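Here the sequence shown stands for residues 92 to 1186, numbered as in our numbering. Backbone N, C-alpha and C define an ideal beta-carbon position, used for all residues, glycine too. Here the structure is a predicted model, which means the values were calculated and not measured. Notes for the one structure printed next.
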Amino acid sequence: MRRGGRGLPLRRVRRRVQRRRRLRREGLPGRLPLHAAPLRGAVGGRRARPVTSRSWLRQRASAYAVSLGTEGGGTVMPNRRRFARRASARRRSPRAAIVWAALAAFVVAPSLPGAGASGAASSDAGHASLLSPHFHPLALAGGYVYVANTPAGTVDVITTATNQVVDRIRVGLEPVSLAVRPDGRELWVANHVSDTVSVIDLDATRATYRQVIATVQDLDPTTKATRFDEPVGIAFASDAKAYVALSSQDRIAIVDVATRTVTGHLDINAQDPRAIAVHGGHLYVLPFESNNRTQLSGCLFPVLDPKCTFDVVAHVLEENDVLSEGYVSDLIREPAIPDRDLYVFDTGTDTLVEIVETVGTLLYGIAVDSAGRVFVAQTDARNDANGLSGTQGHGLAELENRAFLNRVTVIDGCESGGCGAPSFIELEPLPPADPAPGMALATPFGIAVSPDDALLVATAAGSHRLFTMDPATGTVLGRVDVGAVPRGVALEADGAGAATRAWVLNAVEDSVSRVDLSDPAAPAVTATIPLDDPTDPVFRQGRILFNDAGASSTGTFSCASCHPDGHTDQLLWVLDTPKCNLSPFPSGPGCDQIVARSTMPIRGLRDTEPYHWDGIPGDPYGGNNVANVWGSDPPNCERGDALGCARVLVDGALGSTMCDQTDCPVNDEGKSGFLTGAQRDALARFILGVPYPPARDRAYTDELSAAARDGFRAFHVDTDPDCGNCHRMPFWVSTGTVGTGMDAPTWRGAYDRWLILPQGRLNVLDAQNVLETDVENNGFVERTMWGIAGATDEIWQMVEEGSTGWSGAFARSLTLSEDTAGAAQTADLLDALEGAAGAGAVVLEAEGVFVDSTGARPVELQYRDPFGPLREGLYVERGAGLVSYTRDELVSQAAAGSFVGTFIAWPGAGVAPGAPQPALWTLSEIQAQAGQQIFPRLSGGATTMTMSARHVLPGARLWVDGRRVPGTISCETGGTLPDCDGETVVVRLASLPAATGLHFLRVQNPDGLFSNDMLFHSDDAPTNCVEAVFGLLSDLLADADFARSTCLGRFEDSDSVPLAVPTPPAGHGYYHLYRDDCAAVTYGRPELDAGPQCP
């Protein structure tokens, strides 16, 4: 490396810093304005000249660190830091070097939380609450209780001796299930939102004790999407093989324990497997949403079945009237519908042994005793109890305020010749009798059996109770109130196998109860241990009320009973919904009865008013609805008052579905039903704040696949009639359908809903038989059902990848270790996570341990880039001042076995429960079916687009095709973000996209949620050199094409000289790509050479 040349004047250092600060204030990322592309011929060539040694600069930086009082706690500014590397690589004066060292300390070492492995995400990270399900969220090992602290993303460790939390281990987003390896050396943790299983070392003799030492996942190297979506239950067949339930994908992953890789799958032809257990060489699997054989009373005519009331060919396949006009319909049980509830596999061969049907409807927990007797905690829906709404005029009263039977199902003989028929333990009196006040056991959830088979212990999540049972007789022996929404239980036992103590996770309260079981007839809470919970208190209170069966007259079911985890029970119900009214036209059969409706998800409720198929609850717009198809009703809540509209929905449900229609009380506000006004406000805030989980197939690079792009075009632009005219941007819904008054159901999350349409007509068995979907063998497959409704492969991929508010990098994680340091997937995923963190999409943090001959040192790191999203940022040690590491250093140490760390992409600080998702749509009212959507089109060199928007905050960032771009968004005519007049905004891109054609815009609130994918079209490619190089270099850098490059900005006094210009004049202002330590590398040069010619 040559020495010589002039130094870098202090005024230019200041100018660069001022420029970067100005661009940041204007909302422009560092990458695009500061990363300018070279001219043709400028790639490669001269190597920059250093001015001084790296060791000198480190000494100056160390001296500066000492002056700040940050000396100690590790090496200050370790080798190969960006600032050291860049400063030493350029010729500059000692004074300039001191300035750069000081600048490094100022920018890279912000105030961070205190040192030590706290296990919590930093204050820079936000908090998302996605209502993940639980199964077996506690585990006992070596005198400690390990607990899934779901909202915090940690496993908390409680000592059984003192009831104290002694450790917190960060694992991933929303851990929900734990399992100890049979030899006791590892604890496996299912992270439902991160789509991973964390492996925690439980060997106290190892330096990595209670550290995550591996992350099990299955990422597609081509699509960059997960094949391990939403894991829940974990069960070990042996120390060598584990099973993981992939709930949204309806299959079980087979995992090789030694290699941490998925080696195969067991397909489950039923929905949402969660609870699994291994015993006696058998794997037991419970699909959560197993259905209960109920459907509408349609069939093929002519028939002899008296339950059949209409012809499915005439009224489903040919006509399909959404009002159900013209025929009579009941809700019935059809015995021929598959009701697959318990799957039994041979763990030696991984072959299916048998399937047990009619176990229950929603299957929460499983336990197996030493004899192979299976116990299932479940709720059995009574949705057909008032199902004869067409033939006998049934309504809500006939349901008797008993929507579900709370039961424990027992199946004998599965390990001795074949499973017997299920038998049921009734936890409450059967209707019409009701449990006495305080005696209900609503929503049996967690369940465990003592080692001596003498005691069954379970939780009633809706009643906030633990109860004990005699497994031989089914007698409930005792009960005790614990914390809010208990979902898991783990038992301690004495030497004879008798249960002595239970540990209970109160999942929504986020606490652990210790219960004395010395007298099973009188269990007693002896301690309650609170866990560290970042959840907003009002949101938490609303979620508790949502799960509280005390909101029902009988105390036997809650809102969550039909909307588990904010989703849907996949059932039809006859509730207090309106009859269709076609006045002034005559109404035929079907409009003189209450028609069964499918349960709607709570997820993504905000900005989809009104909140029901019928277009009535929480309607701020007014107009037609099912009860007034050809007329117009006034609004029942105010525009812009989301809470008020949600209260209309809450008040209506509490006064009808949740309340005994013969004896419904009045609350403090004079409204029918239980819960006070303040409680209802909290419940309303909660339901408005429940988001959809990340799109299942979205790439971690955040780019839509070609198929998904084609699907968006087909759905929203090309189809005739256009699907998107009704299922409109931003959230694929609308209201006020002409001729029906119905809401158009959302397609968001369709991959997790197999009961479709407001009445579930397409799910009628005979309709499926006509369509030859082979339900008997395949079950109701989501892709098949929505395909019947019009989803092509491309449209389905749109559903699988469409934005639900999250970056593709959100929640992704990996463990860097000796086994993974050299893996191509490790490098590719880290590239994506660092890029997303540098651009502000996520907060990338790592927790791990450095190991050497003297022992182990825990460490917590956060990825930082001092000047925006530059390549190769630094991992700054939290609470340790200037201590930081490059990725190369961490990878090298991991490869040498001296570092193990788990990297997790947390949401930004702007993400919190209740924070609304930004929304973009074409110019119209958000709810209106306003005809074809006219998407923005850029032509004639224009870079400005006008569109409708909501919940866009000042400083919002622009993303095009998965990459952050410079530009602004502002109100078009009046108002200030987020309250623009007419909800109309102007988006100004700094430059045109590099290619013509279809593009996708997303807006991200500062460190917050992303909007939906908004289509726009560009007729022009960039004609301006500056525009072209910005776009092209952005693409190349995002693709890691310049893995070790830094692009210096365009400055009037730049001394960088393109090779194509032998003697450039002073102040030429050319762009120059500066390469450090890789001058001979030509990555990206062919693409740049083929690019624009700059003058």
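- Using a 10 angstroms sphere on the CB of Thr767, the tally of other CB atoms stays under 16, which defines it as exposed.
- Every alpha helix (DSSP H) stretch that sits fully inside the segment 770-828 and reaches 4 residues is listed by chain position as 797-804.
- Beta bridge pairing from DSSP links Lys332 with Asp347.
- By a beta-carbon distance limit of 8 angstroms, Arg1054 does not contact Arg1048. Their separation comes to about 11 angstroms.
- Annotated three-state conformation of Trp877 is helix, per DSSP.
- Here Cys671 carries a coil assignment [DSSP, helix/strand/coil].
- For Leu443, the enclosing beta strand (DSSP E) starts and ends at 442-448.
- In this structure, Asp471 lies away from Thr442, with their beta-carbon atoms at least 8 angstroms apart.
- Leu920 is a Cβ neighbour of Tyr791, given a cutoff of 8 angstroms.
- In the three-state DSSP reduction, Arg978 falls in the helix class (H, G or I).
- The DSSP-derived three-state label of Phe436 is strand.
- When the five nearest sequence neighbours on each side are left out, the beta carbons in the same chain lying within less than 8 angstroms of the beta carbon of Pro577 are those of Phe536, Gly537, Thr550, Ala551, Ala552, His555, Arg556, Leu557, Val595, Leu596, Asn597, Ala598, Ser604, in order along the chain.
- One alpha carbon belongs to Leu696, the other to Gly851, and they sit about 20 angstroms apart.
- By alpha-carbon distance to Glu794, the top candidate from Glu891, Leu740, Leu222, Glu980 is Glu891.
- Pairing Arg694 with Gly633 gives a Cβ-Cβ distance that is not under 8 angstroms.
- Taken atom to atom, the span from the alpha-carbon of Val501 to that of Ala331 is near 30 angstroms.
- Annotated three-state conformation of Leu1089 is strand, per DSSP.
- For Ala835, there is no enclosing alpha helix (DSSP H), as DSSP gives it neither H nor E.
- Residue pairing by DSSP places Cys1062 opposite Val1076 in a beta bridge.
- DSSP places Trp845 in no alpha helix (DSSP H); its state is neither H nor E.
- For Ala947, the enclosing beta strand (DSSP E) begins and ends at 946-955.
- A residue is called buried once 16 or more other Cβ atoms fall within 10 Å of its Cβ, and Phe676, having fewer, is exposed.
- Secondary structure of Gln984 (DSSP, three-state): helix.
- With 16 or more other Cβ atoms from the protein chains shown falling within 10 Å of its own Cβ, Thr287 counts as buried.
- The beta carbon of Glu729 is closer than 7 angstroms to those of Pro711, Gly735 in its chain, skipping five residues each way along the sequence.
- Here Trp704 is not bridged, per DSSP, to any residue.
- DSSP places Phe1026 in the coil class of the three-state scheme, outside both helix and strand.
- At least 8 angstroms separates the beta-carbon of Val353 from that of Asp311.
- When DSSP reads this structure, Met1036 sits in a beta bridge with Val1078.
- Pairing Ala590 with Val548 gives a Cβ-Cβ distance under 8 angstroms.
- Non-local beta-carbon contacts of Gln752 in its own chain, meaning distances under 7 angstroms to residues more than five positions away in sequence, involve Leu487, Ala488 in chain order.
- Between the alpha carbons of Gly1022 and Ala799 lies a distance of about 23 angstroms.
- Per DSSP, Met691 has no beta-bridge partner at all.
- A distance of 8 angstroms or more separates the beta carbons of Glu583 and Arg570.
- Judged by DSSP in its simplified three-state form, Leu557 adopts strand.
- Proximity of the segment 740-752 to the segment 974-982 falls short of the contact definition, fewer than three beta-carbon pairs being nearer than 8 angstroms.
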